[in-house]
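Here the sequence shown stands for residues 1 to 90, numbered as in UniProt numbering. Idealized CB from N, CA, C, for every residue including glycine. Fair warning: this is a prediction, and the values are worked out from it, not measured in the lab. Quick notes on the structure that follows.
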Amino acid sequence: MVYMLLGVSMFSGLWVFSSSRKHLLSTLLSLEYIVLILYFMFFIFLPDSSMFFPLLFITFSACEGALGLSILVVMARTHGGDYFKSFNFL
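Shown next, in the form of structure tokens:
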């Protein structure tokens, strides 16, 4: 039951990530949701003796979240919002 719930949660997170193409904030939130589901999977599937890897994973995911939010703030200040269509990357 837990495996099915984690699988459905992972699939829904990937679906939201692939279908959200308007706002950068919704894309970042779906990425954080996927990271949280992966963290729960590490806790369930890894044995009790190896708790170093989930701790390292959550540390790097916190750094990834901070980097994503800083990019969001910079793009919102320079382009006036978090719409992907307003960004001119060329």
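Residue 37 sits buried, since 16 or more C-beta atoms from the chains shown fall within 10 Å of its C-beta.
Remark: C-beta atoms of residue 54 and residue 40 do not approach each other more closely than 7 Å. Residue 28 and residue 72 do touch by the CB rule: their CB atoms are close to 6 Å apart, below 8 Å. The C-beta separation of residue 30 from residue 20 comes to about 6 Å, placing the pair in contact by the 8 Å criterion.
In summary, residue 24 is buried, with 16 or more beta-carbon neighbours lying within 10 Å of its beta-carbon over all protein chains present.
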